[in-house]
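Colleague: Chains as they are written, first to last, in the numbering used here: chain A, 1 to 253; chain B, 1 to 225.
All C-beta atoms in this analysis are idealised placements derived from N, C-alpha and C, irrespective of residue type, glycine included.
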Amino acid sequence: MKTILKALFALVMGVATVWSFKVPDIAYFQAPGFARIFLWHFPCPMLFTFLVITSAWFSIRVFFNPAGLKPETDAIARAEWDLRSVACMELSYLFALLTMATGILFSKVQWGDWWSWDPRQTSFLMVLLIYAAYFAVRLGYSDPSKRTAFSAAYSLLALLPALFLEFIFPYLPPIKLMSLHPTGSILQGKIKGEYAYCMILILILFVIMSIYLYKIRVRTGLIELELENNDAKLDAGRDSAPTGVVRPVSLSE
Amino acid sequence: MNSSWRAEILAIFRKEWRTEVRSLSGLLTALLFSVVTVYAISFAALNTKLQGTVIAGMLWVALLFSAASSLTRTFLAEEENGTADLLRLVARPHAVFWGKALFNIVQCVVTSSLLSILYLGFTSAPVPIPWLFGVSLITGCLSLAGAVTLCGAIAAQATNRSMLAAAISVPLLLPLVALGVSGMRVSLGDGSLSSGGFASVIGLIGYAVATLATGPYIYAAVWKT
Numbered sequence: 001m002k003t004i005l006k007a008l009f010a011l012v013m014g015v016a017t018v019w020s021f022k023v024p025d026i027a028y029f030q031a032p033g034f035a036r037i038f039l040w041h042f043p044c045p046m047l048f049t050f051l052v053i054t055s056a057w058f059s060i061r062v063f064f065n066p067a068g069l070k071p072e073t074d075a076i077a078r079a080e081w082d083l084r085s086v087a088c089m090e091l092s093y094l095f096a097l098l099t100m101a102t103g104i105l106f107s108k109v110q111w112g113d114w115w116s117w118d119p120r121q122t123s124f125l126m127v128l129l130i131y132a133a134y135f136a137v138r139l140g141y142s143d144p145s146k147r148t149a150f151s152a153a154y155s156l157l158a159l160l161p162a163l164f165l166e167f168i169f170p171y172l173p174p175i176k177l178m179s180l181h182p183t184g185s186i187l188q189g190k191i192k193g194e195y196a197y198c199m200i201l202i203l204i205l206f207v208i209m210s211i212y213l214y215k216i217r218v219r220t221g222l223i224e225l226e227l228e229n230n231d232a233k234l235d236a237g238r239d240s241a242p243t244g245v246v247r248p249v250s251l252s253e
Numbered sequence: 001m002n003s004s005w006r007a008e009i010l011a012i013f014r015k016e017w018r019t020e021v022r023s024l025s026g027l028l029t030a031l032l033f034s035v036v037t038v039y040a041i042s043f044a045a046l047n048t049k050l051q052g053t054v055i056a057g058m059l060w061v062a063l064l065f066s067a068a069s070s071l072t073r074t075f076l077a078e079e080e081n082g083t084a085d086l087l088r089l090v091a092r093p094h095a096v097f098w099g100k101a102l103f104n105i106v107q108c109v110v111t112s113s114l115l116s117i118l119y120l121g122f123t124s125a126p127v128p129i130p131w132l133f134g135v136s137l138i139t140g141c142l143s144l145a146g147a148v149t150l151c152g153a154i155a156a157q158a159t160n161r162s163m164l165a166a167a168i169s170v171p172l173l174l175p176l177v178a179l180g181v182s183g184m185r186v187s188l189g190d191g192s193l194s195s196g197g198f199a200s201v202i203g204l205i206g207y208a209v210a211t212l213a214t215g216p217y218i219y220a221a222v223w224k225t
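(1) Ordered along the chain, which non-local residues of its own chain (more than five positions away) have a Cβ less than 7 Å from that of Ile12/B?
(2) What first and last residue would you give for the alpha helix (DSSP H) that runs through Arg18/B?
(3) Tyr141/A touches chain B at which residues, Cβ-Cβ below 8 Å?
(4) Report the residues of the region 169–189 of chain B with a CB closer than 9 Å to any CB of chain A, ordered along the chain.
(5) Once you ignore the five residues that flank Ala166/B on each side, which residues in its own chain have a CB closer than 8 Å to its CB?
(6) Can you give me the C-alpha to C-alpha distance between Arg61/A and Ala96/A, rounded to a whole angstrom?
(7) Along the chain, where does the alpha helix (DSSP H) containing Ala158/A start, and where does it finish?
(8) Which residues of chain A have a Cβ atom closer than 7 Å to the Cβ of Val222/B, listed in chain order?
(9) Measuring straight from C-alpha to C-alpha, what distance separates Gly140/B and Ile55/B?
(10) For the alpha helix (DSSP H) that contains Pro66/A, what are its first and last residues?
(11) Looking at the unbroken alpha helix (DSSP H) that takes in Ser113/B, where does it start and where does it end?
(12) Can you tell me which of the three DSSP states Pro32/A falls into?
(13) Give a yes or no on whether 8 Å exceeds the smallest Cβ distance from Ile130/A to chain B.
(14) Looking at Arg185/B and Gly52/B, is the spacing between their C-beta atoms short of 8 Å?
(15) Under a Cβ-count criterion, where at least 16 other Cβ atoms within 10 Å of its own Cβ denotes burial, should Arg219/A be classed as buried or exposed?
(16) Assess contact between the region 103–121 of chain A and the region 69–80 of chain A, defined as three or more Cβ pairs (one per stretch) separated by less than 8 Å. Is contact present?
(17) Would you say Leu132/B reaches chain A, if we count a Cβ-Cβ gap shorter than 8 Å as a contact?
(18) Give the single residue among Gln110/A, Val249/A, Ile175/A whose Cα lies nearest to the Cα of Gly33/A.
(19) State buried or exposed for Thr102/A, treating a residue as buried only when at least 16 other CB atoms are found within 10 Å of its CB.
(20) With H, G and I counted as helix, E and B as strand and the rest as coil, what does DSSP make of Pro182/A?
(21) Under the rule that 16 or more other beta-carbon atoms within 10 Å means buried, what is Asp82/A, buried or exposed?
(22) Please decide whether Ile105/B counts as near chain A, where near means a Cβ-Cβ distance under 8 Å.
(23) Please confirm whether any heavy atom of the ligand GDP lies closer than 7 Å to the CB of Gly196/B.
(24) Measuring alpha carbon to alpha carbon, tell me which of Asn229/A, Leu205/A, Leu213/A, Leu225/A ends up nearest Thr17/A.
(25) Quick one, which of Thr99/A, Val137/A, Val23/A has its alpha-carbon nearest Arg147/A's?
(26) Determine whether the beta carbon atoms of Ala133/A and Pro175/B lie at a separation below 8 Å.
(27) Between Gly196/B and chain A, is any beta-carbon pair separated by less than 8 Å?
(28) Is the region 187–204 of chain A touching the region 88–95 of chain A in the sense that three or more CB pairs, one from each, lie closer than 8 Å?
(29) I'd like to know if Leu64/B contacts chain A, where contact means its C-beta is closer than 8 Å to some C-beta of that chain.
(30) Between Val52/A and chain B, is any beta-carbon pair separated by less than 8 Å?
(31) Does the region 104–123 of chain B come close enough to the region 24–38 of chain B that 3 or more CB-CB pairs lie under 8 Å?
(32) Per the DSSP calculation, Pro71/A is bridged to which residue(s)?
(33) Are Asp118/A and Ser55/A close, meaning C-beta to C-beta below 8 Å?
(34) With H, G and I counted as helix, E and B as strand and the rest as coil, what does DSSP make of Gly52/B?
(35) Could you work out which residues of chain B lie near Ile137/A, taking near to mean beta carbons separated by less than 8 Å?
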């Protein structure tokens with residue numbers, strides 16, 4: 001059954017790829033033919049934002065147990081929530097890199113430069129740097145419990161600046177005026193018809209792929225955690241004193 | 001705030017103050033860094049009439065690196081000197097955060113005021129809206145101190161703590177720098193109050209409130225790790 005579903009997913013992804021090259025151009029963009037990358041660009045920041053918020057929620061769970069609003073004290077539960085948080089963060093960073101890569105291509109084709117210091121591009125680069133620091137925090141701690149706590153704290157600390165850079169800063173009046181980046185093209189009805197349907201299909205496929213990758217990452221992480229816990233138990237077993245009664249033996253006999 | 005909280009916060013603040021007065025390492029490092037930066041920027045722009053945006057940008061870059069290099073020390077020094085565990089025994093996490101943040105705010109205001117005076121003196125830049133310049137600087141210092149204090153706490157127990165503190169605080173402060181530049185350029189005559197001046201100050205206040213309000217809770221969560 002799983003193999004059939006995977007084959008079906010691959011087939012639909014193939015269809016979506018071909019469809020994204022076949023949909024009729026829309027005149028809204030400066031170079032409509034090349035602007036098709038928008039179909040692949042648009043879902044990436046959506047998923048990035050969703051995953052970053054989800055990761056922050058899992059980071060809250062590292063510290064707090066919402067049942068009874070108690071601090072989370074179980075080390076294994078903390079490690080599992082941290083694993084979920086880092087799985088989301090890794091995936092979100094992948095989508096952030098894809099956003100940046102497709103955005104740079106769009107910038108070259110539509111605005112003439114690989115990097116044109118557009119406020120939206122620049123603020124998203126800042127977001128990328130903020131979340132790169134998350135991985136720096138994780139690498140900075142070799143002790144797993146400290147790594148869990150401090151990276152979760154950073155994930156929470158980074159959320160507000162990241163959301164500000166994504167949703168407020170580019171829309172400030174003087175900044176918005178400087179931007180070449182299209183804004184509100186879907187809400188204003190400029191992306192419609194077959195173009196919009198193709199974009200929605202790609203978004204759905206990306207969501208399915210993200211869920212699949214997230215589940216694989218969490219599953220492998222849980223196996224790693226279980227192995228580490230078993231190793232720790234074995235080590236503890238080796239260090240403990242032997243059980244049973246030790247009888248004193250007289251050396252003179 | 002009841003008197004026990006106030007006493008605890010002030011005790012932490014006094015401890016930081018006395019430690020600083022004894023060695024003057026943080027303040028002197030920040031001041032030296034600021035003077036050298038201002039001199040280097042002024043020298044690089046010798047005999048050139050700089051625009052308000054450029055002046056504000058350079059000033060904020062100097063403030064950013066000065067804060068990232070000096071303000072993170074409050075927590076890093078505790079771990080390096082081995083006094084962090086003692087602090088955990090005698091004080092509550094919220095009080096520790098607030099005491100250290102208050103000290104960092106004072107240090108940041110002193111350093112950035114001196115840096116700004118020197119910088120404006122060297123570049124002979126006019127300041128048509130001085131109150132906006134002052135408000136941008138003060139709210140910027142509040143935000144810088146709040147965010148950098150927390151970054152210092154997050155990096156304090158890492159193996160490469162000094163580098164990590166700078167590496168995580170600089171990206172987090174970039175939006176703050178963008179807001180600071182936007183507000184300060186208007187105060188230096190580049191743009192109008194309605195075209196970003198007010199919005200930037202509101203943004204800076206929001207950033208300060210967000211970091212100082214969430215900071216103690218985030219710190220309390222990692223406090224005894």
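Modeller: Inspection of the coordinates gives the following:
(1) Ala91, Ala95, Val96, Gly99, Lys100
(2) 3–23
(3) Gln157, Ala158, Thr159
(4) Ser169, Val170, Pro171, Leu172, Leu173, Leu174, Pro175, Leu176, Ala178, Leu179, Ser182
(5) Ala68, Ser69, Thr72
(6) 24 Å
(7) 144–163
(8) Ala149, Phe150, Ala153
(9) 16 Å
(10) Where Pro66/A is concerned, there is no enclosing alpha helix (DSSP H), given that its DSSP letter is neither H nor E.
(11) 93–123
(12) coil
(13) yes
(14) yes
(15) exposed
(16) no
(17) no
(18) Gln110/A
(19) buried
(20) coil
(21) buried
(22) no
(23) With respect to small molecules bound, the structure shown includes none, and the ligand GDP cannot be examined in it.
(24) Leu205/A
(25) Val137/A
(26) no
(27) yes
(28) no
(29) no
(30) no
(31) yes
(32) Phe64/A
(33) no
(34) helix
(35) In the sequence on display, residue 137/A carries Val and not Ile. Within chain B, the residues near Val137/A are Ile154, Ala155, Ala158, Leu164, Ile168.
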